[in-house]
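76 is the number of the first residue of the sequence shown in the numbering used here; add one for each residue after it.
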Amino acid sequence: MPTSTCSYTGNLSTLTSTNLMKIFIINLERSTDRRSSMEARLNELNLAHEFISAVDGSEKNFLYSDRYDAKKRLFMRGRELQRGQIANFASHITLWEKCVELNTPIVVLEDDAILKDSFPEAVSVAAQQINDLGCIRLYGNKLNKHKIVRELNDTYKIALSFFGTTCSNAYAIQPAAAKKLLAHCTQILHSIDVYMNHSYNHGVPCYVLLPMPVEHDTSRPTTIADRVKSKKTLLQKCVRELDISYIRLATLLTSLRHLKR
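Below, the structure is given as structure tokens:
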């Protein structure tokens, strides 16, 4: 996709909930402090929103836990995903399903997202681009190799990330892209942010809105369990490096193809 210039015609002073995408927040029911904090911030920004109960990894047989292939994951990466990571993936699946059910673009937030004052305007900007681009990240840690593909105005740009970004705590998505993500996650092998970066697999490129209107709250402990370090065999190390190299190359080639569209 060659660089293009687009006009954003919105005005922050006239934004209302009616011209923004519906906002859903993933929140564990027991994380009441996070809910209260996020709800206060969204009310402060005058944004309509809805909390969705997160899938709880502490439950024995939580939703979509049967999609996780522990043996294959261990072989490919030398360590298993934590239950919280799998449950977080499942929570995002439920919102992709909601997006398809509603047949309209939505914004997905995790409850540790920090919303900047520019968030309402940025969401309105993203709303004008989302049907064309499929999925737009509103936050992405480690945004390394990327190219600006759309100059929206003097403030906002759309970048295509060649390898994706870490963290999945804020993004906009439309139904067609949600369907693609749903079609290729019948088996869970990676954390949600890694899966979303695999554009070679599901065909949803990693577009990022710049400047990002969201930050990640690192001051609070995560509700997803920390990774457990495990000693890898030589075979596991080799398989892991081969898998990572293949994914990076495949993702890069897919991103370059999108640049030409």
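Beta carbons: idealized from backbone N, C-alpha and C, even for Gly.
This structure is a prediction, so every number in the text was calculated from the model and none was measured.
Could you tell me which of the options sits nearest to residue i, measuring between CA atoms?
i, options, result
"I64", "Y214, N136, D229", "Since the first residue shown for the chain is 76 and the last is 336, residue 64 is missing from the structure and cannot be characterised."
"S199", "L328, V130, I98, L334", "I98"
"Q157", "G132, T230, F137, R142", "G132"
"T230", "F164, S193, N219", "S193"
"R323", "T240, I205, M96", "T240"
"H167", "E114, I101, A197, H221", "I101"
"I127", "N136, E114, Q204, N118", "E114"
"K146", "L138, Y139, S140, E155", "E155"
Ends of the beta strand (DSSP E) at residue i?
i, result
"H337", "No answer is possible for residue 337: the residues shown for the chain start at 76 and end at 336."
"V182", "181-185"
Exposed or buried, residue i, counting other C-beta atoms within 10 Å across all chains shown (16 or more means buried)?
i, result
"Y270", "buried"
"D264", "A quick correction: the sequence has Leu, not Asp, at residue 264. Flag for L264 reads buried."
"Q262", "exposed"
"N317", "The question names Asn, but residue 317 is Leu in the sequence shown. Under this definition L317 is an exposed residue."
"C210", "buried"
"P280", "buried"
"P288", "buried"
"I319", "exposed"
"R105", "exposed"
"S111", "exposed"
"S236", "buried"
"N163", "buried"
"L103", "buried"
"N272", "buried"
Tell me which same chain residues have a C-beta within less than 6 Å of the C-beta of residue i, skipping the five on either side of it?
i, result
"T329", "S274, Y275"
"Y143", "I161, I263"
"I233", "V224, R225, Y282"
Tell me which residue opens and which closes the alpha helix (DSSP H) that residue i is part of.
i, result
"I161", "158-177"
"I101", "No alpha helix (DSSP H) contains I101, which is instead part of the beta strand (DSSP E) from 97-102."
"H273", "Element bounds for H273: n/a, residue is neither H nor E."
Quick one: residues in its chain with C-beta nearer than 7 Å to the C-beta of residue i, no 5 flanking neighbours on either side, listed in chain order?
i, result
"A325", "Y275"
"L122", "S92, L95, I98, P195"
Stretch pair the region 235-253 + the region 179-196: three plus CB contacts closer than 8 Å: For the pair of segments examined, the region 235-253 was found to touch the region 179-196: the number of CB pairs separated by less than 8 Å reaches three.
The region 162-181 / the region 252-266 touching (three or more Cβ pairs under 8 Å): Yes: at least three Cβ pairs fall under 8 Å.
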